[in-house]
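One structure is given below, encoded as structure tokens.
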Amino acid sequence: MSAHGDPIPMTARRSGPLRGEAVVPGDKSISHRALILGALAVGQTRISGLLEGQDVLDTAKAMRAFGAEVTHEAPGDWTVQGVGVGGFAEPADVIDCGNSGTGVRLIMGAMATSPVSATFTGDASLRKRPMGRVTDPLALFGTRAFGRQGGRLPMTLIGAADPVPVRYVVPVPSAQVKSAVLLAGLNAPGETVVIEREATRDHTERMLAGFGATLRIEEAPEGRAIVLTGQPELVPQTIAVPRDPSSAAFPVAAALIVEDSDVLVPGIGLNPTRAGLFTTLREMGADLTYENEREEGGEPVADLRARFSPAMTGIEVPPERAPSMIDEYPILAVVAAFASGPTMMRGIGELRVKESDRIAAMAAGLRACGAEVEEGEDWMIVHGLGAGGLPGGAVCAPHLDHRIAMSFLCAGLAAQKPVSVDDAGPIATSFPIFEGLMTALGAEFDRGDA
Numbered sequence: 001m002s003a004h005g006d007p008i009p010m011t012a013r014r015s016g017p018l019r020g021e022a023v024v025p026g027d028k029s030i031s032h033r034a035l036i037l038g039a040l041a042v043g044q045t046r047i048s049g050l051l052e053g054q055d056v057l058d059t060a061k062a063m064r065a066f067g068a069e070v071t072h073e074a075p076g077d078w079t080v081q082g083v084g085v086g087g088f089a090e091p092a093d094v095i096d097c098g099n100s101g102t103g104v105r106l107i108m109g110a111m112a113t114s115p116v117s118a119t120f121t122g123d124a125s126l127r128k129r130p131m132g133r134v135t136d137p138l139a140l141f142g143t144r145a146f147g148r149q150g151g152r153l154p155m156t157l158i159g160a161a162d163p164v165p166v167r168y169v170v171p172v173p174s175a176q177v178k179s180a181v182l183l184a185g186l187n188a189p190g191e192t193v194v195i196e197r198e199a200t201r202d203h204t205e206r207m208l209a210g211f212g213a214t215l216r217i218e219e220a221p222e223g224r225a226i227v228l229t230g231q232p233e234l235v236p237q238t239i240a241v242p243r244d245p246s247s248a249a250f251p252v253a254a255a256l257i258v259e260d261s262d263v264l265v266p267g268i269g270l271n272p273t274r275a276g277l278f279t280t281l282r283e284m285g286a287d288l289t290y291e292n293e294r295e296e297g298g299e300p301v302a303d304l305r306a307r308f309s310p311a312m313t314g315i316e317v318p319p320e321r322a323p324s325m326i327d328e329y330p331i332l333a334v335v336a337a338f339a340s341g342p343t344m345m346r347g348i349g350e351l352r353v354k355e356s357d358r359i360a361a362m363a364a365g366l367r368a369c370g371a372e373v374e375e376g377e378d379w380m381i382v383h384g385l386g387a388g389g390l391p392g393g394a395v396c397a398p399h400l401d402h403r404i405a406m407s408f409l410c411a412g413l414a415a416q417k418p419v420s421v422d423d424a425g426p427i428a429t430s431f432p433i434f435e436g437l438m439t440a441l442g443a444e445f446d447r448g449d450a
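In UniProt numbering, the protein residues as written are 1 to 450.
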């Protein structure tokens with residue numbers, strides 16, 4: 001079933017050339033953080049280009065529940081009247097974060113050092129995801145958590161009345177865990193230190209500094225240390241959200257595998273901690289160029305031009321690149337199926353605990369479509385069949401995962417036979433205009449089964 005209603009089966013058929021401009025929505029990661037930090041500032045933060053997918057709308061609703069005034073002014077334009085660090089009020093009802101692991105984990109961090117209690121839940125997919133990776137470090141501040149077996153939602157957090165600063169080494173690369181601890185550290189006295197062995201997306205650090213937090217980066221024996229001085233008065237900001245590289249991945253990938261395609265995707269954030277997919281595609285021989293490179297809101301931005309690339313070859317993706325493209329491995333697996341030879345992806349165990357087990361879901365779907373796929377606990381190999389070589393003809397199960405659904409629909413645009421997903425509904429959580437945007441480029445989608 002869908003994350004937010006009845007199932008929406010959808011089928012993608014082999015399409016003619018994809019042509020035109022694909023204006024994708026605002027960055028989801030930055031949108032979440034803009035709302036949360038706006039709620040923790042004193043005064044009014046203005047946000048333009050906010051992603052209005054369900055995940056982000058659920059975060060906006062949560063900030064209202066904690067006492068911030070969050071107002072939708074116009075499409076993409078929002079204001080947040082913040083309550084200040086430590087100013088969260090106790091919600092009157094359960095906080096429903098829908099499908100968003102990012103939303104729930106960051107919100108837990110933001111409220112963990114305030115003397116309030118809150119109960120969190122989500123959809124069927126989110127209720128299966130482990131929260132211990134966040135609640136364990138939050139407990140170091142003095143926060144208490146009570147959830148279902150295995151540290152799963154629904155879960156009640158009791159914020160620390162007298163929080164203490166912490167020093168925490170993130171055990172696995174996770175921007176969500178790092179960000180949750182930093183947000184909790186805002187209302188703890190002294191310095192909170194978060195150390196990561198491998199760099200993950202750094203939007204939280206950039207935005208904290210923009211809101212006036214005192215933060216510095218140091219080298220520690222265990223890795224990169226982010227040192228945050230607690231109890232600042234955050235200053236409201238005017239934020240222009242760049243367009244989402246994770247959403248751009250789908251029209252870019254589709255253009256690379258659909259014959260004679262030429263698509264421009266403007267204004268995409270190319271933060272080095274997020275752009276690993278595009279680097280990987282270029283290494284595979286993709287005709288993917290950066291145009292009009294610039295900086296907006298402290299983030300590097302460019303227009304991406306993607307053209308049909310029949311000569312792509314499989315590569316071994318460096319495992320240290322995984323944190324910069326962890327959400328993009330599903331669509332990379334699809335592109336790999338249309339390249340020549342094997343593409344090896346290592347160090348991707350984090351995919352097992354995303355909205356679905358993304359390694360298992362992609363392997364099963366690609367096998368059903370006629371590709372050979374090998375998988376292990378933290379690796380996957382896709383044996384490519386070359387341009388136009390994927391047979392297709394399968395119905396794939398996204399398991400309530402928006403990125404799995406979009407990936408298989410992109411595969412169907414270039415496969416020999418149609419590819420269906422049993423529920424495209426969850427796509428609305430991150431990319432609500434996906435169907436219309438892709439159809440405008442020339443993609444052939446049908447509601448219903450193949």
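Yeah, the Cβ is synthetic: ideal placement off N, Cα and C, and Gly gets one too.
These figures come from a predicted structure and were not determined experimentally.
Could you have a look at residue i and say whether DSSP puts it in helix, strand or coil?
{"i": "Ala188", "result": "coil"}
{"i": "Thr113", "result": "coil"}
{"i": "Lys354", "result": "coil"}
{"i": "Met380", "result": "strand"}
{"i": "Arg14", "result": "coil"}
{"i": "Met1", "result": "In this prediction, Met1 scores a pLDDT of 34, lower than 50, which makes its location untrustworthy; the coordinate-derived value is nonetheless stated afterwards. Correct three-state label for Met1: coil."}
{"i": "Gly86", "result": "coil"}
{"i": "Val80", "result": "strand"}
{"i": "Met155", "result": "strand"}
{"i": "Pro342", "result": "strand"}
{"i": "Glu328", "result": "helix"}
{"i": "Thr279", "result": "helix"}
{"i": "residue 525", "result": "There is simply no residue 525 to check, as the chain begins at 1 and stops at 450 in what is shown."}
{"i": "Gln44", "result": "strand"}
{"i": "Asp162", "result": "coil"}
{"i": "His399", "result": "coil"}
{"i": "Glu219", "result": "strand"}
{"i": "Gly142", "result": "coil"}
{"i": "Val56", "result": "helix"}
{"i": "Thr71", "result": "strand"}
{"i": "Leu51", "result": "coil"}
{"i": "Val24", "result": "coil"}
{"i": "Pro245", "result": "helix"}
{"i": "Gly392", "result": "strand"}
{"i": "Met101", "result": "The amino acid occupying residue 101 in the given sequence is Gly; Met does not appear at that position. Note: Gly101 maps to helix in three-state DSSP."}
Using a Cβ-Cβ cutoff of less than 8 Å, which residues in the same chain neighbour residue i once the five nearest sequence positions on both sides are dropped?
{"i": "Gly84", "result": "Leu40, Ala41, Val42, Glu233, Leu234"}
{"i": "Asn187", "result": "Val85, Gly86, Thr113, Ser114, Pro163, Gly230, Gln231"}
{"i": "Gly436", "result": "none"}
Classify residue i: buried if its beta carbon has 16 or more other beta carbons within 10 angstroms, exposed otherwise.
{"i": "Ala322", "result": "buried"}
{"i": "Thr45", "result": "buried"}
{"i": "Asn292", "result": "exposed"}
{"i": "Pro245", "result": "buried"}
{"i": "Ala74", "result": "exposed"}
{"i": "His402", "result": "buried"}
{"i": "Ile257", "result": "buried"}
{"i": "Asp446", "result": "exposed"}
{"i": "Pro7", "result": "exposed"}
{"i": "Ser15", "result": "buried"}
{"i": "Ala92", "result": "exposed"}
{"i": "Arg274", "result": "buried"}
{"i": "Gly276", "result": "buried"}
{"i": "Thr238", "result": "exposed"}
Grab me the residues of residue i's own chain with a C-beta within less than 6 Å of its C-beta, minus the 5 sequence neighbours each way, in chain order.
{"i": "Ala220", "result": "Ile195"}
{"i": "Ala363", "result": "Val373, Glu375"}
{"i": "His399", "result": "Ser356, Ala361"}
{"i": "Val317", "result": "Thr280, Met345"}
{"i": "Glu69", "result": "Gln81"}
Just confirm the distance between the C-beta atoms of residue i and residue j, as a whole number of angstroms; I'd bet it's less than 8 Å.
{"i": "Met284", "j": "Ala339", "result": "6 Å"}
{"i": "Thr113", "j": "Gly67", "result": "16 Å between Cβ atoms; not a contact."}
{"i": "Ala394", "j": "Cys369", "result": "5 Å"}
{"i": "Ala387", "j": "Pro310", "result": "4 Å"}
{"i": "Glu377", "j": "Gly349", "result": "6 Å"}
{"i": "Thr121", "j": "Gln176", "result": "Contact doesn't hold; Cβ gap of about 18 Å is too wide."}
{"i": "Leu288", "j": "Ala12", "result": "The Cβ separation is near 21 Å, so there is no contact."}
{"i": "Val193", "j": "Ala225", "result": "6 Å"}
{"i": "residue 451", "j": "Glu191", "result": "This structure does not reach residue 451, given that the chain is present from 1 up to 450, and the question cannot be answered."}
{"i": "Ser407", "j": "Ile315", "result": "With 8 Å as the limit, Ser407 and Ile315 do not qualify as a contact, their Cβ atoms being about 19 Å apart."}
{"i": "Gly185", "j": "Gly230", "result": "6 Å"}
Looking only at its chain, what residues have a beta carbon closer than 7 Å to the beta carbon of residue i, apart from the 5 residues adjacent to it on each side?
{"i": "Ala3", "result": "Only weak support is given to the placement of Ala3: the predicted model assigns it a pLDDT of 43, under 50, and the question is left unresolved by the model."}
{"i": "Met111", "result": "Phe66, Phe88, Ala118, Leu157, Gly159"}
Tell me, please, whether the CB atom of residue i is closer than 9 Å to any CB atom in chain B?
{"i": "Glu219", "result": "Considering every chain present, this structure includes no chain B. It has just one protein chain."}
If you pair each beta-carbon of the stretch 345-354 with each one of the stretch 303-311, do three or more pairs fall below 8 Å? Not touching, per the Cβ criterion.
Determine, using beta-carbon pairs with one atom in the stretch 7-19 and one in the stretch 429-443, whether at least three such pairs fall under 8 Å. Contact holds between the stretch 7-19 and the stretch 429-443, because three or more Cβ pairs, one in each stretch, are under 8 Å apart.
Taking contact to mean 3 or more Cβ pairs, one atom from each stretch, closer than 8 Å, check whether the stretch 149-166 and the stretch 419-435 are in contact. Segments in contact, no.
If you pair each beta-carbon of the stretch 185-205 with each one of the stretch 317-332, do three or more pairs fall below 8 Å? Enough Cβ pairs lie closer than 8 Å, so yes.
Spell out a yes or no on whether the stretch 135-142 and the stretch 165-177 are touching, meaning 3 or more CB-CB pairs, one atom from each, closer than 8 Å. The stretch 135-142 and the stretch 165-177 touch, with no fewer than 3 CB-CB distances between them shorter than 8 Å.
Using 8 Å as the cut-off, can you tell me whether the stretch 24-40 makes contact with the stretch 52-64, which would need three or more C-beta pairs spanning the two stretches below that distance? Yes, the stretch 24-40 touches the stretch 52-64.
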